[in-house]
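K.L.:
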Amino acid sequence: MSDTALLREILDAQLETVCRFRADGTILFVNRAYAATLGHEPHELTGRSLWDFVTGEDQDHVRAMLRHLSPAQPELTIENRFETAGGTRWMLWRNHALAFDDSGAWSVAQSTGIDITERKQLEEQLELLVNELNHRVKNTLMVVQAMAHQTFRGVAVADGRVGIFNDRLAALSGAHDALSRTNWSGALLRDIVRQGLLICGADDMRLEIDGPDVVMPASATVSLVMVLHELATNAIKYGALSGLAGKVTVRWKLLDGGMVAIEWIERGGPVVEQPRRKGFGSRLLTEAVPRQLGGQVQVDYDKEGLRCLMTVPQDRANDGTTQ
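Each residue of the sequence shown is one higher than the one before, starting from 7 at the first, in the working numbering.
1) Opposite Gly119 in the DSSP bridges: which residues?
2) Counting along the chain, where does the beta strand (DSSP E) carrying Phe88 start and finish?
3) Taking just the CA atoms, how far does Val220 sit from Tyr244?
4) For Gly326, which residues from the same chain have a beta carbon less than 8 Å from its beta carbon, with the 5 sequence-adjacent residues on both sides left out?
5) Three Cβ pairs or more, each shorter than 8 Å: is that satisfied between the segment 202 to 215 and the segment 235 to 242?
6) Got a sec, what are the start and stop residues for the alpha helix (DSSP H) Lys243 sits in?
7) So is Val277 buried or exposed if we call it buried at 16+ other beta carbons inside 10 Å?
8) Using the three-state DSSP reduction, which class does Trp270 fall into: helix, strand or coil?
9) The alpha helix (DSSP H) spanning Pro48 covers which residue range?
10) Which of the three DSSP states is assigned to Gln329 in this structure?
11) Taking Asn140 as the reference, give the member of Gln280, Thr188 and Leu195 with the closest Cα.
12) What is the rounded straight-line gap between the Cα of Arg174 and the Cα of Gln127?
13) Is it the case that the Cβ atoms of Leu195 and Met232 are separated by a distance below 8 Å?
14) Please say whether Leu82 and Met97 have beta carbons closer to each other than 8 Å?
15) Mapping DSSP to helix, strand and coil, what is Trp57?
16) Taking only three categories from DSSP, how would you classify Gln127?
17) Assign Ile16 to buried or exposed, taking buried as 16 or more other Cβ atoms, counted over all protein chains shown, within 10 Å of its Cβ.
18) With distances taken from CA atoms, which of Phe171, Ala193 and Leu312 is nearest Val254?
19) Can you tell me whether Gln320 is helix, strand or coil according to DSSP?
20) Do the CB positions of Trp99 and Ala105 come within less than 8 Å of each other?
21) My assumption, with CB atoms under 8 Å, is that Gly252 sits in contact with Arg273. Please give the rounded CB distance.
22) Cα-Cα, which of Ile33, Gly166 and Phe171 is closest to Met148?
23) For Phe1, which residues from the same chain have a beta carbon less than 6 Å from its beta carbon, with the 5 sequence-adjacent residues on both sides left out?
24) Can you say whether Val150 is buried or exposed, counting buried as having 16 or more other CB atoms within 10 angstroms of its CB?
25) What is the DSSP secondary structure of Thr292, reduced to helix, strand or coil?
26) Whose C-alpha, out of Asp64, Asp262 and Leu230, is nearest the C-alpha of Ala294?
27) Between Phe27, His155, Leu234 and Val60, which has its C-alpha nearest Ser117's C-alpha?
28) Within 10 angstroms of its Cβ, does Gln40 collect 16 or more other Cβ (buried), or is it exposed?
29) If we count the other Cβ atoms within 10 Å of its Cβ and call it buried at 16 or more, is Arg87 buried or exposed?
30) Since Ala176 contacts Leu185 with CB under 8 Å, what's their CB separation in whole angstroms?
31) Are there 16 or more other CB atoms within 10 angstroms of the CB of Leu12, so buried, or fewer, so exposed?
32) Contact defined as beta carbons within less than 8 Å: I believe Asn101 pairs with Ile120. What is the distance between those atoms, to the nearest angstrom?
33) Nearest to Val266 by CA position, among Lys309, Val303 and Lys284, is which residue?
34) Provide the residue(s) that pair with Asp308 in DSSP beta bridges, ordered along the chain.
Okay, structure coming up:
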């Protein structure tokens, strides 16, 4: 058996679909799995256009992605719909540029594909379920807000307690928004911090946020947003954000052992005094971090400004049973 025949036999034995083509889409070679998907023999597809089989709605996306192939980046992965003999299927293609012209543009590439239709269908179902969950959560929060207005009318409205309650509901809603963007797989710590500081205003120049891209688990997101919200509320009422000269810095870093250190620093506000009693925010801070997140918290009532250090696991959160 010649080397060419052996290579052909190896490629035809692959379960993955293989297609080699020119930059204009002209097919140079396909293996038997690729041809069978389209209901043809391999030789019948030589000279045909690759674009005959890419779903029209996806062609602009695929062409744009292929333009990224370069000598510096000769490989990339694309997901797109593929018109097979049995109907439209989702395929994942691993593309490899094999030849380039003098200007660096690719001239010949090869794609190896696997069918991911079932995975895409599950992703669509999950997205629908998450959207429905988000819709129901928001509706529930709106009902709770309306109930608060009706239940605490009068004195509670006048002294601001309903407003405080609504601000906490808004922070809770923001935590759910952060999770919904990732289908509840977790949230970037940067997004968590921003949601926790929403009460300050998105353009508040007195805020400084700094830290690496860190993804926190979904089970930690709500607690962290609520803790940061309470710290921000306290800073607005009594701390650094109660005046124009104050400043709040929130920074975080990764530690050894999969831990994340989140530091809250206030400067430029009134002289800090340790409170005589613990309010809701203080209790949330000192109880939620160790019990719900499996972490530790240190609060320093420095006269120059409140400092708080939270150390929490990045990849897990407790179920609330830690004593």
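Glycine included, each C-beta is placed from N, C-alpha and C at the ideal position.
Since the model is a prediction, treat every value here as computed from it, not as a measurement.
P.N.:
Concretely, from the data shown:
1) Thr23 and Trp99
2) Glu81 to Thr90
3) 30 Å
4) Bear in mind that a pLDDT of 37 at Gly326, under 50, signals an unreliable position, so the number given afterwards is only what the model happens to contain. Excluding residues within five positions, the ones whose Cβ falls inside 8 Å are Arg297 and Gln298.
5) yes
6) It spans Ala224 to Lys243 - the alpha helix (DSSP H) in which Lys243 sits, taken as one unbroken run.
7) exposed
8) Correct three-state label for Trp270: strand.
9) Pro48 to Leu51
10) For Gln329, the predicted structure reports a pLDDT of 33, less than 50, and the residue's modelled location is therefore unreliable. The matter cannot be settled from this model.
11) Thr188
12) 36 Å
13) no
14) Between Met97 and Leu82, the C-beta spacing is not below 8 Å.
15) helix
16) helix
17) exposed
18) Ranking the options by Cα distance to Val254, first place goes to Leu312.
19) coil
20) no
21) 7 Å
22) Residue nearest to Met148 within the set Ile33, Gly166 and Phe171 is Phe171 (criterion: CA-CA distance).
23) The question about residue 1 has no answer, for the chain in this structure spans 7 to 329.
24) exposed
25) In the structure shown, Thr292 sits in a helix (DSSP, three-state: H, G or I).
26) Leu230
27) Phe27
28) The amino acid at residue 40 is misidentified as Gln; the sequence shows Tyr. It counts as buried.
29) Label assigned to Arg87: buried.
30) In fact, because the Cβ distance is near 15 Å, the residues do not count as touching under 8 Å.
31) exposed
32) Rounded, the Cβ-Cβ distance is 13 Å, inconsistent with contact.
33) Val303
34) Gly311
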